[in-house]
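Under this note's numbering, the first residue of the sequence shown is numbered 37, with each subsequent residue one higher. Reading through the structure tokens given below for one structure.
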Amino acid sequence: MPVQLTIYIREGCHLCDDMEQALRECASELDFETRRVPIDNNAELEQAYGTKVPVLVCGDEEICHYFLDLQALKQVCV
């Protein structure tokens, strides 16, 4: 069963685009599904993640932010 990940993003964010591309590149190697959650216009999410996007999480655990940490992602997907 694939690991369920959430990526918090802002529309038009180049770092967010970069992380999503990096996730696509390793998707064939690791078993995960990613749900995109834009934080724009959501006060609670902007408060939590506004200065850190993109943020990749698994459940309540932050895996990484700004750039994909492949080692951390691999630990979650094992």
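Heads up, the beta-carbon is just placed ideally off N, CA and C, and yes, glycines get one too.
Considering only their Cβ atoms, is the gap separating residue j from residue i smaller than 9 Å?
| i | j | result |
| --- | --- | --- |
| Phe68 | Cys100 | no |
| Val121 | Thr42 | Beyond the ends of the chain as shown, which are 37 and 114, falls residue 121; an answer cannot be given. |
| Arg71 | Gln40 | yes |
Is it buried or exposed, residue i, if we count other Cβ atoms within 10 angstroms and call 16 or more buried?
| i | result |
| --- | --- |
| Met37 | exposed |
Using the Cα positions of residue i and residue j, report the straight-line distance between them to the nearest angstrom.
| i | j | result |
| --- | --- | --- |
| Glu98 | Ala79 | 19 Å |
| Leu66 | Glu47 | 26 Å |
| Lys15 | Ala84 | The structure shown does not extend to residue 15, since the chain is modelled only from 37 through 114, so no value can be given for it. |
| Cys49 | Gly86 | 12 Å |
| Leu81 | Pro74 | 9 Å |
| Ile45 | Phe103 | 12 Å |
| Ser64 | Asn77 | 33 Å |
When you compare the CB of residue i with every CB in chain D, is at least one pair closer than 9 Å?
| i | result |
| --- | --- |
| Gly86 | In the displayed structure, chain D is absent; only one protein chain is listed. |
List in chain order: all unbroken alpha helix (DSSP H) runs of 4+ residues lying wholly within the stretch 60-113. 79-85, 106-113
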